[in-house]
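Q:
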Amino acid sequence: MTTRITELFNIQHPIIQAGMVWCSGWRLASAVSNAGGLGLIGSGSMHPDVLREHIRKCKGATDKPFGVNVPLMYPEIDKHMEVIISEGVKIVFTSAGNPSTWTPILKEKGITVVHVVSSVKFAKKSEESGVDAIVAEGFEAGGHNGREETTTLCLIPMVADAVKIPVIAAGGIASGRAMLAAFALGAEGVQIGSLFATSEESSASLIYKNRVIQSTEGETALTLKALTPVRLIKNKFYEEVKAAEEKGASPDDLKQLLGRGRAKKGIFEGDLEEGEVEVGQVAAQIKSVKPVARIFEEILQDFEEGRLKFNGLKT
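Have a look at this one:
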C-alpha cells in the first residue's frame, strides 16, 4: 500500500506506533519498524543519556526507518534534541507544545517533523510552522489528550479538509477496519497506541498489560482537564482526582495531588491503585498480549477483508 505517509517515511505499511511513555523503548520501536511500519521511541519517560542508549540499540536492532517522539512540555527538551540530532535520527514526532519552536531547527538538520494535534486550529498552525505531516488525535486516545473532546470520526475529515500536508489518524484505532475507516475519512496513515502498549515488546509492566486486556467498555475517562488532560483507567487515584475536581480544585491543587512519577508507577511498575493507568477507549477491544509481528498480520488481514467487503457493497 502506497500513500504519502509511506513515501514520506519510506515504510511498507502506513502504520505508526505511538511514542508512549514507559512503553515505547527500542524493543517496541524496532519490532514495529521491522514489521514494515514506523516505530517511535518515546522520549517522554527518558533522561537524555537513556534516550541515546535506546536510539543506538534501535539502530542495532533494525535497518528500517524509526523515529523519536518528543513531548514538548517535558523537561530536558534541549538536551533531548541535542541527542536526536547528534545521533542522526531522521524522523521526529512532537506533541504537547508549540511546533514552531523546534520545527525549523529540526528541518534545517534534514529531519522529517510530524506534530500531534487535537483540533483543526492547531493543525493549521502546525502546517504553518513547516511540519511534514500531522497526527490528528481524537478524544478516544489514551494518555495525554486534547481539551476539545473531538472524536476521531469528526476530527479526521475536518483536519484533512483544512490542510494540504498528509494526515495520520489516531485515537481508537486497533484494527484493520478502524484503519480502513480512517482512510475513508481522509487520513493517509494511522498511529496506534494502546494495542502496541500491550504487545510483548512493550516495556510496560505485565500487570499493566493484563489490566488493559481485562478492561471493559466505559472503564476509562478523561481527567485532569484543568491541568493536562489524560485518559486513565478508573482506579483509586482517578477517584481521588475526580473528587478533587468536583470540589473545584485549582491547577496547583491538582499538581500537588498528581505529584511525581504517577505514569511510571501505573504503567512501568504496575501499581494499579496509586498510578496513572493510561490507555485509550479502545482498550475494551484488546483481548490478549501478542507479539508485534502478529499484530501487524491481523491488522493487515482485517484491513484487506474490510476493503473487499466495502468494495462489494451495492449502491
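Take 1104 as the starting number for the sequence shown in our numbering and just add one per residue. Beta carbons are placed, not taken as given, at the ideal position from N, Cα and C, and that holds for glycine. The model shown is predicted, which means the values in this text are computed figures rather than measured ones.
#1: Relative to the C-alpha of A1226, which candidate in S1198, G1369, S1308 and P1207 has its C-alpha closest?
#2: How should E1257 be labelled, buried or exposed, when 16 other C-beta atoms within 10 angstroms of its C-beta is the threshold for buried?
#3: Would you mind reading off the limits of the alpha helix (DSSP H) that contains R1130?
#4: Which class does P1174 belong to by DSSP, given the choice of helix, strand or coil?
#5: Evaluate V1333 with the Cβ neighbour count: other Cβ atoms within 10 Å of its Cβ, from every protein chain shown; 16 or more gives buried, anything less gives exposed.
#6: Using three-state DSSP, classify L1330 as helix, strand or coil.
#7: If we count the other Cβ atoms within 10 Å of its Cβ and call it buried at 16 or more, is N1113 buried or exposed?
#8: Excluding the 5 residues flanking K1212 on each side, which residues of the same chain have their C-beta closer than 7 angstroms to its C-beta?
#9: Determine the burial state of A1138: buried for a count of at least 16 other Cβ atoms within 10 Å of its Cβ, exposed for fewer.
#10: Give a yes or no on contact between the segment 1381-1397 and the segment 1287-1304, applying the rule of three or more CB pairs nearer than 8 angstroms.
#11: What whole-angstrom Cβ distance do A1287 and V1262 have, given they're in contact under 8 angstroms?
#12: Mapping DSSP to helix, strand and coil, what is V1266?
#13: Does the Cβ-Cβ distance between S1221 and F1169 come in under 8 angstroms?
A: For this structure:
#1: Stepping through the sequence shown from its first residue, residue 1226 is reached at position 123. Considering only alpha carbons, the answer is S1198.
#2: Residue numbering aside, residue 1257 sits at position 154 when the sequence shown is read from its first letter. Residue 1257 is actually Cys in this sequence, not Glu. Flag for C1257 reads exposed.
#3: Translated into the one-based positions of the sequence shown, residue 1130 becomes position 27. Looking at the DSSP string, the run of the alpha helix (DSSP H) that includes R1130 is W1129 to N1137.
#4: Here residue 1174 corresponds to residue number 71 of the sequence shown, with the count starting at 1. It is a strand residue.
#5: Numbered from 1 along the sequence shown, position 230 holds the residue referred to as residue 1333. Per the 10 Å Cβ criterion, buried.
#6: Taking the first residue of the sequence shown as 1, we reach residue 1330 at position 227. L1330: coil per DSSP, three-state reduction.
#7: In the sequence shown, residue 1113 corresponds to position 10, counting from 1. Exposed is the call here.
#8: The residue you call residue 1212 lines up with position 109 of the sequence shown. Excluding residues within five positions, the ones whose Cβ falls inside 7 angstroms are I1188.
#9: Taking the sequence shown and counting its residues from 1, the one referred to as residue 1138 is at position 35. It is buried - the Cβ of A1138 has at least 16 other Cβ atoms within 10 Å.
#10: yes
#11: Position 184 of the sequence shown, counting from 1, holds the residue named residue 1287. Position 159 of the sequence shown, counting from 1, holds the residue named residue 1262. The pair is not a contact, with the Cβ atoms about 14 angstroms apart (cut-off 8 angstroms).
#12: In the sequence shown, residue 1266 corresponds to position 163, counting from 1. DSSP places V1266 in coil when its eight states are reduced to three.
#13: Residue 1221 sits at position 118 when you count from the first residue of the sequence shown. Residue 1169 sits at position 66 when you count from the first residue of the sequence shown. No, Cβ-Cβ distance for S1221 and F1169 is not below 8 angstroms.
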